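Protein chains: 2
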Amino acid sequence: MTDTGHLHHHEEHLHSSDFISDIVIGMADGLTVPFALAAGLSGAVASSSLVVTAGIAEIVAGSIAMGLGGYLAGRTEADHYESERRREVDEVERVPEREKQEVRDVFAEMGLSTDLQNVIADELAKDKTKWVDFMMKYELGLDEPDPNRATKSALTIGVSYVVGGLVPLMPYFLVKLPHEALLYSCVVTLVCLFIFGYFKSKVTGQPPFSGAVKVMLIGALAAAAAFGVARLFG
Amino acid sequence: MTDTGHLHHHEEHLHSSDFISDIVIGMADGLTVPFALAAGLSGAVASSSLVVTAGIAEIVAGSIAMGLGGYLAGRTEADHYESERRREVDEVERVPEREKQEVRDVFAEMGLSTDLQNVIADELAKDKTKWVDFMMKYELGLDEPDPNRATKSALTIGVSYVVGGLVPLMPYFLVKLPHEALLYSCVVTLVCLFIFGYFKSKVTGQPPFSGAVKVMLIGALAAAAAFGVARLFG
Chain Z
1 MTDTGHLHHH EEHLHSSDFI SDIVIGMADG LTVPFALAAG LSGAVASSSL VVTAGIAEIV
61 AGSIAMGLGG YLAGRTEADH YESERRREVD EVERVPEREK QEVRDVFAEM GLSTDLQNVI
121 ADELAKDKTK WVDFMMKYEL GLDEPDPNRA TKSALTIGVS YVVGGLVPLM PYFLVKLPHE
181 ALLYSCVVTL VCLFIFGYFK SKVTGQPPFS GAVKVMLIGA LAAAAAFGVA RLFG
Chain X
1 MTDTGHLHHH EEHLHSSDFI SDIVIGMADG LTVPFALAAG LSGAVASSSL VVTAGIAEIV
61 AGSIAMGLGG YLAGRTEADH YESERRREVD EVERVPEREK QEVRDVFAEM GLSTDLQNVI
121 ADELAKDKTK WVDFMMKYEL GLDEPDPNRA TKSALTIGVS YVVGGLVPLM PYFLVKLPHE
181 ALLYSCVVTL VCLFIFGYFK SKVTGQPPFS GAVKVMLIGA LAAAAAFGVA RLFG
């Protein structure tokens, strides 16, 4: 029971991880980059409204770039899987002996004896669909992707980026002086980065407290560097 | 010969892809987000120097956030591999029968007969290192990560982001009026996005021309949206 429990746990982890990892991708950058940009501009311009304009432009730019980037990545993965599968189906038909040797090679790499390699290759060759499935997964290391992955991925990443990006920008809507707004923005965003880092680490099975501190430090470092450099150029 | 050529090609592809994919990650966002931010601000502010300040702040923020994000991802992958490996070593020692069943489960999922599953599990169990290697790769789907991956990844992503981000910003250093600079920035960046998209598609085995067009369109769309939204708020 512990046995199947262990395997089941692993599979569940893989299932939920597409959606969760898209949220993590979008929100990690959404909380960090607009925060650091706003902080950088706070050291270089006189009015919060300019920070808001730049921040909004960044959120739009970042969410579209990351969202459509996620869409393309998803489409590319699906196209790649399809074209590789067509090739394997064709090869199993055209050059079965060569494909059988590839099955043997996979098991040779696992450290199995030549006898066993032959028996396995013969058994798999009996069912062509199974054979192709095997080649896809174990020779090429490809899992069949979810057909709606690209669209879901684009939306999840884009929305997460917007939600994350509005957090550091909020104070600049409400406080006129960018230096003052920056203080509130730091407090609010660092708290959110800590909470985000905590849950992100929990989900990915890392120690949550040190993970939270690391995520928060990256945000603080990016903001401090942007502040310093923008001041030099501003 | 074609056979090993095929496998060899596949492995080479996997080898080079860490470095290449880091360049792609950094440069895709570096070319797109600062470009769109600069375009957005060009519709809302009167002086190119402000666009330069915001652009520099964004490049610093983005390269640190993405670079350190890549570092954390690399460290997390390495830590995860180590902790899973320790657990498998421990389980092979403590509950060998359960682990043998997990080996059989892997081959049952491949569609092999119960007899073969038993023979394979017995053979693998003879060498504990091989056995743990097998569990890591085929039960958990984990490959041993490069120990320097995190640092290399951080530097490659960060530098690629800076290089990409300076392209759309260059015209604003040279041309005073942001509206004028935007024109040059569009031409230079869209050409670079096309070239980048072309090579990216070649490397990932996609049709290069349509890939180049897609990457260029994402950049143009992000820039147009940022321009429109910043104008509303500016």
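Protein chains in written order, with the UniProt record's numbering: chain Z, 1 to 234; chain X, 1 to 234.
Idealized CB from N, CA, C, for every residue including glycine.
In this text the structure is predicted, and so the values were computed from the model without any measurement.
With distances taken Cα to Cα, identify the nearest neighbour of residue i among the options.
i                     : options                                : result
Phe35 (chain X)       : X:Phe233, X:Leu217, X:Leu232           : X:Leu217
residue 238 (chain Z) : Z:Met66, Z:Val89, Z:Ile59, Z:Gly40     : The structure shown does not extend to residue 238 (chain Z), since chain Z is modelled only from 1 to 234, so the question has no answer here.
Ala222 (chain Z)      : Z:Ala28, Z:Val60, Z:His179, Z:Leu177   : Z:Ala28
Ile25 (chain X)       : X:Val175, X:Leu190, X:Arg231, X:Gly165 : X:Gly165
Glu144 (chain X)      : X:Ser49, X:Pro208, X:Arg86, X:Val162   : X:Arg86
Tyr138 (chain Z)      : Z:Lys128, Z:Ser113, Z:Phe107, Z:Ala150 : Z:Phe107
Leu140 (chain Z)      : Z:Glu82, Z:Pro178, Z:Tyr184, Z:Ala150  : Z:Glu82
Cys192 (chain Z)      : Z:Gln206, Z:Ser201, Z:Ala212           : Z:Ala212
Asp22 (chain Z)       : Z:Pro168, Z:Lys152, Z:Lys130           : Z:Lys152
Ser47 (chain Z)       : Z:His179, Z:Val95, Z:Ser210            : Z:His179
Val33 (chain Z)       : Z:Ser210, Z:Val162, Z:Ile120, Z:Glu102 : Z:Val162
Ala121 (chain Z)      : Z:Asp105, Z:Lys176, Z:Met110, Z:Gly111 : Z:Asp105
Gly69 (chain Z)       : X:Thr53, X:Glu84, X:Val95, X:Gly30     : X:Gly30
Asp79 (chain X)       : X:Arg149, X:Ser49, X:Phe19             : X:Arg149
residue 254 (chain Z) : X:Leu169, X:Leu232, X:Gly205, X:Ser210 : Residue coverage of chain Z in this structure runs from 1 to 234, which leaves residue 254 (chain Z) outside it and unanswerable.
Lys126 (chain X)      : Z:Leu112, Z:Leu232, Z:Val175           : Z:Leu112
By the 10 Å Cβ neighbour count, where 16 or more other Cβ atoms means buried, how is residue i classified, buried or exposed?
i                : result
Asp115 (chain X) : exposed
Leu72 (chain Z)  : buried
Glu93 (chain X)  : exposed
Glu97 (chain Z)  : exposed
Lys100 (chain X) : buried
Asp90 (chain Z)  : exposed
Val132 (chain Z) : buried
Leu169 (chain X) : buried
Ser210 (chain X) : exposed
Check whether the Cβ of residue i sits closer than 7 Å to any heavy atom of the ligand ADP, and report yes or no.
i                : result
Phe196 (chain X) : Among the ligands in the structure shown, none appear at all, so the ligand ADP cannot be discussed.
Return the Cβ separation of residue i and residue j in integer angstroms, given the expectation that the two are a contact with Cβ distance under 8 Å.
i                     : j                : result
Phe199 (chain Z)      : Val215 (chain Z) : Their Cβ separation, rounded to whole angstroms, is 10 Å, which puts Phe199 (chain Z) and Val215 (chain Z) out of contact at 8 Å.
Ala181 (chain X)      : Ala57 (chain Z)  : The Cβ separation is near 15 Å, so there is no contact.
Leu190 (chain X)      : Ala224 (chain X) : In fact, because the Cβ distance is near 12 Å, the residues do not count as touching under 8 Å.
Met136 (chain Z)      : Glu77 (chain Z)  : Met136 (chain Z) to Glu77 (chain Z), Cβ: 13 Å. No contact.
residue 235 (chain X) : Val60 (chain X)  : Nothing about residue 235 (chain X) can be read from this structure; chain X reaches only from 1 to 234.
Val188 (chain X)      : Val167 (chain X) : 6 Å
Gly55 (chain X)       : Tyr184 (chain X) : Wrong, their Cβ atoms sit about 14 Å apart, outside the cutoff.
Among residues of its own chain, excluding the 5 on either side of residue i, which ones have a beta-carbon nearer than 6 Å to its beta-carbon?
i                : result
Phe227 (chain Z) : Ala39, Gly40, Gly43
Gly158 (chain X) : Ser63, Gly67
Asp18 (chain Z)  : none
Between residue i and the rest of its own chain, which residues show a CB-CB distance below 7 Å, the 5 nearest in sequence each way excluded?
i                : result
Pro208 (chain Z) : Tyr198, Ser201, Lys202
Lys128 (chain Z) : Val92
Leu124 (chain Z) : Val103, Lys130, Trp131, Phe134
Leu177 (chain X) : Ser48
Leu142 (chain X) : Tyr81, Glu84, Met136
Ile20 (chain X)  : Val203
Leaving out five residues before and five after residue i in sequence, what residues of the same chain have Cβ atoms less than 8 Å from its Cβ?
i                : result
Ala154 (chain X) : Gly67, Leu68, Gly70, Tyr71, Gly74
Leu37 (chain Z)  : Ala54, Gly55, Glu58, Ala226
Phe233 (chain X) : Ala44
Which residues, in order along the segment 12 to 42 of chain Z, keep a beta-carbon less than 7 Å from a beta-carbon of chain X? Correct list: Ala28, Asp29, Thr32, Val33, Ala36, Leu37, Gly40, Leu41.
Between the segment 144 to 159 of chain Z and chain X, which residues of the former have CB atoms less than 8 Å from a CB of the latter, in chain order? Contacts with chain X (Cβ-Cβ distance below 8 Å) from the segment 144 to 159 of chain Z involve no residue at all.
Tell me which residues of the segment 210 to 223 of chain X have at least one Cβ-Cβ distance to chain Z shorter than 9 Å, keeping chain order. Cβ contacts with chain Z: Gly211, Lys214, Val215, Leu217, Ile218, Gly219, Leu221, Ala222, Ala223.
Residues, ordered as in the chain, of the segment 52 to 68 of chain X that lie near chain Z by beta-carbon distance below 8 Å: Within the segment 52 to 68 of chain X, the residues whose Cβ lies closer than 8 Å to some Cβ of chain Z are Val52, Thr53, Ala54, Ile56, Ala57, Glu58, Val60, Ala61, Gly62, Ile64, Ala65, Met66, Leu68, listed in chain order.
Which residues, in order along the segment 178 to 207 of chain Z, keep a beta-carbon less than 8 Å from a beta-carbon of chain X? Those would be Thr204, Gly205, Gln206, in chain order.
Taking a Cβ distance cut-off of 8 Å, strictly less, list which residues of the segment 109 to 124 of chain Z are near chain X, in chain order. Listed in sequence order: Met110, Gly111, Leu112, Ser113, Leu116, Val119, Ile120, Glu123, Leu124.
Under 9 Å (Cβ pairs) to chain Z, residues found in the segment 70 to 82 of chain X: Flagged, chain order: Tyr71, Leu72, Arg75, Thr76, Asp79, His80.
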